[in-house]
Structures are given as structure tokens and as C-alpha cells.
Amino acid sequence: EPEVTQTPSHQVTQMGQEVILRCVPISNHLYFYWYRQILGQKVEFLVSFYNNEISEKSEIFDDQFSVERPDGSNFTLKIRSTKLEDSAMYFCASSESLGGYGYTFGSGTRLTVV
Amino acid sequence: AQKVTQAQTEISVVEKEDVTLDCVYETRDTTYYLFWYKQPPSGELVFLIRRNSFDEQNEISGRYSWNFQKSTSSFNFTITASQVVDSAVYFCALRRTGANSKLTFGKGITLSVRP
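Protein chains in written order, with my numbering: chain R, 57 to 170; chain P, 23 to 137.
This is the structure in C-alpha cells:
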């Protein structure tokens, strides 16, 4: 079964450093998403992306965050200057074009900011 | 605005007991999707079910069953004869129809199944 692949599974970074979280969505999906889950809390929407531009973003997705689809397969989330409160699990997801019925999550990247 | 409420935060049962996880949602949309995900200790989100708003038939899959009641905006999940491997956090989520729409999650219910 097709899956969304995220790398790395765990990343530790120092406060103030830039991090890039990588995702390979399902190949025929056209809509891409990032979600965040702070430890012990609910999963929160960050951003959706279609046709090489952001479709929707939440209030969490401030100027420190950016997304990019640098080639035909990868979808990245960049955090420019990490803060302690960015420590969380980040999930990538992709969905099909037709009716949006399918929605698949990756296994997540656990980001720890120290 | 869309909202999902999972009023139960933690549930503890003994193996083989049945357990029901509650989910109540709010939306102004006439058509939408409802989901349940399981998050085991390893952290990934495991898809369990997706339900269209126009399909109110209850569904059973092995020990799992779902009761969708549009009249009360509820989408409850029952595990029959629970097992230790069912221990996890369970999230209910809501999504508009359409190809490019976000999931709105509830806060999750931590289920502990004791041997």
C-alpha cells in the first residue's frame, strides 16, 4: 500500500538553528499538509499546499515556518530559527485530488529543540 | 468553525471488557468526513475509519464498531473484548469535503487496557 515517508524520524537541534523536515508524499497525490503535535496534546493543522503554493495556514504557521516542494517528490517544512516550544511531533500528510477522500499521514518526525 | 470534542480524557479497562470512546462534533457544513485514528506509544497515526456524513450506517470491523448519529452530531467508537494491544491514544477528527481541506482533531482519549 502506498505510504507517506518522513525523514528523519527523530531530530535534535539547538535553539536558534534552522531545521528542515522532509516528506515524500504518495506519488499521485496533489495536496500536501503539515500537522504538529506537542507532546501529550492534540494534533494541530499547520499548513496545506497545492499547486506550488500555500492554500491555507493556521495561526501557528508564522514567519518562522515555510514549506516547499523543491522537486517532483519531496515536500519540506523549514523552521528558520527554532525555539524550545517548537519541540513536537511533526506529521506530513497527502490527499488525493478526486473528492479528497483519501488522506494519508506519514509516521512523523519527532523534533527536539534543546 | 469546526470543532471536535472528546470529553473522556483517560479510560482504563480490564482486558476483555467492552469500551466506548465518545466523539461529538460541530460543523456548519452539510457534507463532511469523520475519522478515527489510533496513536500507539510509538507515535504514528494509524487510520481506523473514515465516514461520509451522508452515510449513517453503523460499521463493524472485527472487534471495532462505530456508531454515527447525525441527529446528535456524534461518532462513537466501541472496542469489543478489549486487548492490551488496544492501549493507545484515540483521536476523532472532522474534515470538510473537497480535495484540499484540513483535519480538525479532538484532544484524544488515552485508553489503557490492563491484563
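Where a beta carbon is used, it is the ideal one built from N, C-alpha and C, also for glycine.
Exercise. Please list, in chain order, all residues of the same chain as residue 155 of chain R whose beta carbon is under 7 Å from its beta carbon, the five residues on each side excluded.
Key: Low local confidence applies: a pLDDT of 47 at residue 155 of chain R is under 50, so the model's placement there is unreliable, and no value is given.
Self-check item: Cβ shell of residue 132 of chain R (< 8 Å), same chain only, five flanking positions each side left out
Solution: 76, 77, 78, 79, 123, 124, 125, 126
Quiz item: Just the Cα atoms here: how many angstroms apart are residue 104 of chain R and residue 33 of chain P?
Solution: 33 Å
Quiz prompt | Three-state secondary structure assigned by DSSP to residue 112 of chain R | solution = strand
Self-check item: Partner residues on chain P for residue 166 of chain R, Cβ-Cβ distance less than 9 Å
Solution: 65
Quiz prompt | Nearest-angstrom Cα separation, counted from residue 98 of chain P out to residue 119 of chain R | solution = 38 Å
Quiz item: Name the DSSP beta bridge partners of residue 149 of chain R, please?
Solution: R:89, R:161
Quiz item: Using a beta-carbon distance cut-off of less than 8 Å, what residues from the stretch 121 to 132 of chain P approach chain R?
Solution: 121, 122, 123, 124, 125, 126, 127, 128, 129, 130
Quiz prompt | Residues of its chain near residue 164 of chain R, where Cβ-Cβ distance is below 7 Å and the 5 sequence neighbours each way are ignored | solution = 62, 145, 146, 147
Quiz item: Could you give the residue range of the beta strand (DSSP E) that holds residue 28 of chain P?
Solution: First-last for residue 28 of chain P: undefined, no H or E at that position.
Quiz item: Taking DSSP as the reference, what is the three-state secondary structure of residue 138 of chain P?
Solution: A query on residue 138 of chain P cannot be resolved here, the shown segment of chain P reaching from 23 to 137 and no further.
Practice problem: Take residue 30 of chain P and list the residues in its own chain whose beta-carbon comes closer than 8 Å to its own, dropping the five residues that flank it on each side. | Solution: 43, 44, 131
Quiz item: Between the Cα of residue 114 of chain R and the Cα atoms of P:57, P:125, P:91, which residue gives the shortest distance?
Solution: P:125
Quiz prompt | Beta-bridge pairing of residue 169 of chain R - partner residues as DSSP gives them | solution = R:69
Practice problem: Confirm, please, whether the CB-CB distance from residue 90 of chain P to residue 113 of chain P is below 8 Å. | Solution: no
Quiz item: Quick one: does residue 113 of chain P have its CB under 8 Å from some CB of chain R?
Solution: yes
Quiz item: Are residue 88 of chain R and residue 150 of chain R close, meaning C-beta to C-beta below 8 Å?
Solution: yes
Self-check item: Beta carbon of residue 137 of chain R nearer than 8 Å to that of residue 74 of chain R
Solution: yes
Quiz item: Under three-state DSSP, which class holds residue 92 of chain P?
Solution: helix
Self-check item: Check whether residue 36 of chain P and residue 101 of chain P have beta carbons under 8 Å apart
Solution: no
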